[in-house]
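These protein sequence lines map, in sequence, to chains B and Z.
Heads up: the first sequence at position 6 corresponds to 5 in numbering that gives the first Met the number 0, and the numbers run straight through without jumps.
Heads up: the second sequence at position 67 corresponds to 66 in numbering that gives the first Met the number 0, and the numbers run straight through without jumps.
The C-beta atom is built at its ideal place from N, Cα and C for all residues, glycine as well.
Working notes, beginning with the structure itself.
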Amino acid sequence: MSTDIKPTIHGFLARFFPGYQLKDDDDIFSLGFVNSLFALKLVMFLESEFKIQVAQEDLDIAHFRSVSAMDHFVERKRA
Amino acid sequence: MELLLDDAARSAQARARTFVDRAVMPFAAEYDRDQRVPTEHVQALAAEGWLGKDISSEYGGGGLDPLSFGLTIEEFGRGCSSIRSLLTVHGMVTCALARWGSPAQRERFLPPFARGAELAALAFTEPSSGTDLSGVSTHAQAAKDGFTLSGHKLWITFGQLADWFLVLAQSAAGPVTLLVPRSAPGLRITPLPGPLGTRGSMLAELGFEACFVPSEQVLAKPGLGLSLVGATALDHGRFTVAWGCVGIMEACLRHSAEHAMQRKQFGAPLAEHQLIRRLLSDMTTSLRAARSLCLHAARLRAALHHDSVTETSVAKYFAAQAAMRAAADAVQIHGALGCQPGQTVERCFRDAKVMEIIEGTNEMHQLMIADLSLQDAAQRRGMAEAARRAVGGT
Chain B
0 MSTDIKPTIH GFLARFFPGY QLKDDDDIFS LGFVNSLFAL KLVMFLESEF
50 KIQVAQEDLD IAHFRSVSAM DHFVERKRA
Chain Z
0 MELLLDDAAR SAQARARTFV DRAVMPFAAE YDRDQRVPTE HVQALAAEGW
50 LGKDISSEYG GGGLDPLSFG LTIEEFGRGC SSIRSLLTVH GMVTCALARW
100 GSPAQRERFL PPFARGAELA ALAFTEPSSG TDLSGVSTHA QAAKDGFTLS
150 GHKLWITFGQ LADWFLVLAQ SAAGPVTLLV PRSAPGLRIT PLPGPLGTRG
200 SMLAELGFEA CFVPSEQVLA KPGLGLSLVG ATALDHGRFT VAWGCVGIME
250 ACLRHSAEHA MQRKQFGAPL AEHQLIRRLL SDMTTSLRAA RSLCLHAARL
300 RAALHHDSVT ETSVAKYFAA QAAMRAAADA VQIHGALGCQ PGQTVERCFR
350 DAKVMEIIEG TNEMHQLMIA DLSLQDAAQR RGMAEAARRA VGGT
């Protein structure tokens, strides 16, 4: 299980954003790189990597919009 | 082909094989000819638990792991693609519910769906929106305590039978998925006869006119209806269609090999003609490759690995094309007989063509798989760059 959340998320996202240095607060859904399977893969990655369960009540796009948002979301779920 | 399965998977496969041989395959030509599956046959499927095999035992389902479930679906694909389609669409809705439903929604819907007491179907496709589901135009207007639906859905598999529809619509807050009962006022269901393949899948057109759907039947928050709920359902659909294609290929190979041994031309069985042997060897190899891709996807799904999504896409893309080729070759081996209505290979040929279109066309999967290849290349390039920087820094 990863404890260093941001670098781990950056590591996962890097392959989806070739040639782009993703910043913590970039809106990953507005950059135009991702396809229709991305959101599902992202949720599965967060669940398996950080041992959390993303439930229906967590389904707010704001939680997944940026590396910073995901960092806060994972911290909250693990608290 | 020895698959080195564990006892659970081997047992699930054997049970499905026995049921399909006894209760599905003998009726497949009849479903195809009559363009329907009799209600009592659906009830027989339900009574033996086949409609809930992948639903958690907590809700009364069979609780099969992905590998056992996939092998089960292959058997149904071998027997009848229309019945396999029923398992697919019902499963697409139940898996989306199991994943993204509220506790109350799961309690309400999963037990009757697992028992097959109520049937579910997916209502995403529209006259002007199929591959690009972001373009659906069915409108969900926010109303007091729910939404009001207006619009049309087309080619809804088992729409003539389903008790519930998972409908994808556009709302002011983005895509939204809603569970709509067959009896909902404002919903009109019209049978669509005569499809090319999976002719027993009882297609229907749905028309919504001021059809009210209460909030408790909205699945997940509006805005994520397509990217998460829809993607989960489609991912499940691709997994089952991929395995169903393996079943089609298995049926084609068995019939072709049998025919090649029996039919004589130029004084020798077809099986002794080299060009026929080539078709059989290509069919065998493609079948094994498709099944291996499906097994790989199943094992990733069992591990809940995020790569399962793309590997399922790869398996579906390959298996659909391979099934189409195998079915075409099977018809070729059978000659005029293979063009006759009622022949298994003739039905497989029509069914296989449908597999190249549903749950993502070949072309849609090509785009997604190309993304995967380019992402891998970018990742390798990034790692090489990082390594160069590290060496330079020391």
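**Study point:** chain B contacts made by the stretch 283-311 of chain Z, where a contact means CB separation under 9 Å
**Key:** Residues of the stretch 283-311 of chain Z with a Cβ closer than 9 Å to any Cβ of chain B, in chain order: A302, L303, H304, H305, D306, S307, V308, T309.
Point to revise | DSSP-derived helix/strand/coil call for Z/L177 | key: As a working mapping, residue 177 of chain Z is identified with position 178 in the second sequence. Strand.
**Study point:** Where Z/A230 meets chain B, residues with beta-carbon distance less than 8 Å
**Key:** The residue given as residue 230 of chain Z occupies position 231 in the second sequence. In chain order: S35, L36, A38, L39.
Point to revise | chain B contacts from the stretch 208-228 of chain Z (Cβ-Cβ distance under 9 Å) | key: The residues in question are L218, A219, K220, G222, L223, L225, S226, L227, V228.
Exercise for review: Write down the C-beta distance between Z/T124 and Z/W163 rounded to the nearest angstrom, noting that I regard them as a contact closer than 8 Å.
Suggested key: Here residue 124 of chain Z is taken as the residue at index 125 of the second sequence, counted from 1. Here residue 163 of chain Z is taken as the residue at index 164 of the second sequence, counted from 1. Contact flag wrong, Cβ pair sits at about 17 Å.
Practice item. Look at the alpha carbon of Z/M367 and the alpha carbon of Z/D144, and state the distance between them as a whole number of angstroms. Key: To locate residue 367 of chain Z, count along the second sequence from 1; it is residue 368. To locate residue 144 of chain Z, count along the second sequence from 1; it is residue 145. Taking the straight line joining both Cα atoms gives about 38 Å.
Review point. So, does the CB of B/F44 fall closer than 7 Å to a CB anywhere in chain Z?
Key: On the first sequence, residue 44 of chain B is found 45 positions in, with the first residue counted as 1. Judged by the 7 Å Cβ criterion, B/F44 is in contact with chain Z.
Review point. Taking Cβ-Cβ distances shorter than 9 Å, what residues in chain B pair up with Z/G236?
Key: The residue you call residue 236 of chain Z lines up with position 237 of the second sequence. Ordered by position in chain B, no residue passes the 9 Å Cβ test against Z/G236, which lies about 13 Å from the chain.
Review point. From Z/C244 to Z/E73, what does the alpha carbon distance come to, in whole angstroms?
Key: Residue numbering aside, residue 244 of chain Z sits at position 245 when the second sequence is read from its first letter. Residue numbering aside, residue 73 of chain Z sits at position 74 when the second sequence is read from its first letter. Between Z/C244 and Z/E73, the alpha-carbon positions lie close to 7 Å from each other.
Review point. Going along chain Z, which residues have a C-beta under 9 Å from B/P17?
Key: Locating residue 17 of chain B in the first sequence gives position 18, counting from the first residue. Those are L373, Q374, A376, A377, Q378, R380, G381, listed as they occur along chain Z.
Exercise for review: Kindly list, in the order they appear in chain Z, the residues whose Cβ is closer than 7 Å to that of B/A13.
Suggested key: Along the first sequence, one-based indexing puts residue 13 of chain B at 14. Under a criterion of Cβ atoms nearer than 7 Å, the residues of chain Z adjacent to B/A13 are, in order, Q378, G381.
Check your understanding: Starting from Z/G145 and walking both ways along the beta strand (DSSP E), at which residues does that stretch end?
Key -> Position 146 of the second sequence, counted from the first residue, corresponds to residue 145 of chain Z. Its beta strand (DSSP E) spans residues 145-155.
Practice item. Please name the residue, chosen from Z/G78, Z/L85, Z/S255, that lies closest to Z/D20 on a Cα-to-Cα basis. Key: Locating residue 20 of chain Z in the second sequence gives position 21, where the first residue counts as 1. If you compare the alpha carbons of Z/G78, Z/L85, Z/S255 with that of Z/D20, the shortest gap goes to Z/G78.
**Study point:** Where Z/E398 falls: helix, strand or coil (DSSP)
**Key:** It is not possible to answer for residue 398 of chain Z, since the shown part of chain Z is limited to 0 through 393.
Point to revise | Pairwise C-alpha distance: B/H62 and Z/R395 | key: Here chain Z covers residues 0 to 393 and nothing more, so residue 395 of chain Z does not appear.
Practice item. Can you grab the Cα-Cα spacing for the pair B/S47 / Z/L373, in whole Å? Key: Here residue 47 of chain B refers to the residue found at position 48 of the first sequence. Here residue 373 of chain Z refers to the residue found at position 374 of the second sequence. Cα-Cα distance, rounded: 24 Å.
**Study point:** Z/F18, buried or exposed, once every other Cβ within 10 Å from all chains shown has been counted against 16
**Key:** Taking the second sequence and counting its residues from 1, one reaches residue 18 of chain Z at position 19. The residue is buried, with at least 16 neighbouring Cβ atoms inside 10 Å.
Practice item. Evaluate B/K22 with the Cβ neighbour count: other Cβ atoms within 10 Å of its Cβ, from every protein chain shown; 16 or more gives buried, anything less gives exposed. Key: Residue 22 of chain B sits at position 23 when you count from the first residue of the first sequence. B/K22 comes out exposed.
Check your understanding: So which of Z/A376, Z/L165, Z/A250, Z/S312 has the shortest CA-CA distance to B/S35?
Key -> Position 36 of the first sequence, counted from the start, is the residue given in the question as residue 35 of chain B. Of the listed residues, the one whose Cα sits closest to B/S35 is Z/S312.
**Study point:** Three CB pairs or more closer than 8 Å across the stretch 164-175 of chain Z and the stretch 215-234 of chain Z
**Key:** Yes, they touch.
Exercise for review: Name, please, each residue of chain B whose Cβ falls closer than 9 Å to the Cβ of Z/M367.
Suggested key: The residue labelled residue 367 of chain Z in the question sits at position 368 within the second sequence. The answer, in chain order, is N34, S35, L36.
**Study point:** Minimum Cβ-Cβ distance from Z/R387 to chain B less than 7 Å
**Key:** Taking the first residue of the second sequence as position 1, residue 387 of chain Z is located at position 388. No, Z/R387 does not count as interfacial toward chain B.
**Study point:** Exposure label - Z/F265; buried when at least 16 CB within 10 Å
**Key:** Position 266 of the second sequence, counting from 1, holds the residue named residue 265 of chain Z. Z/F265 is exposed by the Cβ-count criterion.
Practice item. Would you please verify whether the beta carbon of B/Q52 is less than 7 Å from any beta carbon of chain Z? Key: Indexing the first sequence from 1 puts residue 52 of chain B at position 53. Not flagged as an interface residue toward chain Z: B/Q52, since no C-beta distance is shorter than 7 Å.
Review point. DSSP beta-bridge partners for Z/K263?
Key: As a working note, residue 263 of chain Z is residue 264 in the second sequence. In DSSP, Z/K263 forms a bridge with Z/P268.
Review point. Buried or exposed: where does Z/P65 fall if 16 or more other Cβ atoms within 10 Å of its Cβ makes it buried?
Key: Locating residue 65 of chain Z in the second sequence gives position 66, counting from the first residue. When all chains shown are included, Z/P65 counts as buried.
Exercise for review: Pull up the distance between the alpha-carbon of Z/V92 and that of B/Q20, whole angstroms please.
Suggested key: As a first step, residue 92 of chain Z must be located in the second sequence, where it is residue number 93. As a first step, residue 20 of chain B must be located in the first sequence, where it is residue number 21. When rounded, the distance between both Cα atoms is 38 Å.
Review point. Contact check, Z/M354 vs Z/A329 under 8 Å by CB: the rounded distance?
Key: Numbered from 1 along the second sequence, position 355 holds the residue referred to as residue 354 of chain Z. Numbered from 1 along the second sequence, position 330 holds the residue referred to as residue 329 of chain Z. Not a contact, Cβ separation roughly 14 Å.
Point to revise | Which listed residue (Z/G100, Z/E29, Z/R83, Z/S81) has its alpha carbon closest to that of B/D57 | key: Within the first sequence, residue 57 of chain B is the residue found at index 58, counting from 1. Here the closest residue by C-alpha is Z/G100.
Practice item. Pick helix, strand or coil for Z/G206, following the three-state DSSP scheme. Key: As a first step, residue 206 of chain Z must be located in the second sequence, where it is residue number 207. Assigned with DSSP and collapsed to three states, Z/G206 falls in strand.
Practice item. Establish whether the CB of B/I79 and some CB of chain Z are separated by less than 7 Å. Key: One cannot answer for residue 79 of chain B here, as it falls past the ends of chain B, which runs 0 to 78.
Review point. If we ignore side chains and look at the alpha-carbon of each, how far apart do Z/A120 and B/K50 end up?
Key: The count along the second sequence starts at 1 and reaches residue 120 of chain Z at position 121. The count along the first sequence starts at 1 and reaches residue 50 of chain B at position 51. Between the alpha carbons of Z/A120 and B/K50 lies a distance of about 32 Å.
Exercise for review: Quick one: grab the DSSP three-state call for Z/L85.
Suggested key: Translated into the one-based positions of the second sequence, residue 85 of chain Z becomes position 86. It is helical.
Check your understanding: Where does the unbroken alpha helix (DSSP H) through Z/A142 begin, and where does it stop?
Key -> Within the second sequence, numbered from 1, the residue matching residue 142 of chain Z stands at position 143. That residue, Z/A142, is in no alpha helix (DSSP H); its beta strand (DSSP E) goes 138-142.
Exercise for review: Give a yes or no on whether the minimum CB-CB distance between Z/E384 and chain B is below 7 Å.
Suggested key: For the purposes of this step, residue 384 of chain Z is taken as the residue at position 385 of the second sequence. Interface residue (Cβ-Cβ distance to chain B less than 7 Å): Z/E384 is not classified as such.
Point to revise | Residues near Z/W161 by beta carbon distance below 7 Å, same chain, minus five either side | key: Within the second sequence, residue 161 of chain Z is the residue found at index 162, counting from 1. At residue 161 of chain Z the sequence reads Ala, which differs from the Trp that was named. For Z/A161, same chain residues with a beta-carbon under 7 Å away, outside a window of 5 residues either side, are L118, A119, A120, R181 in chain order.
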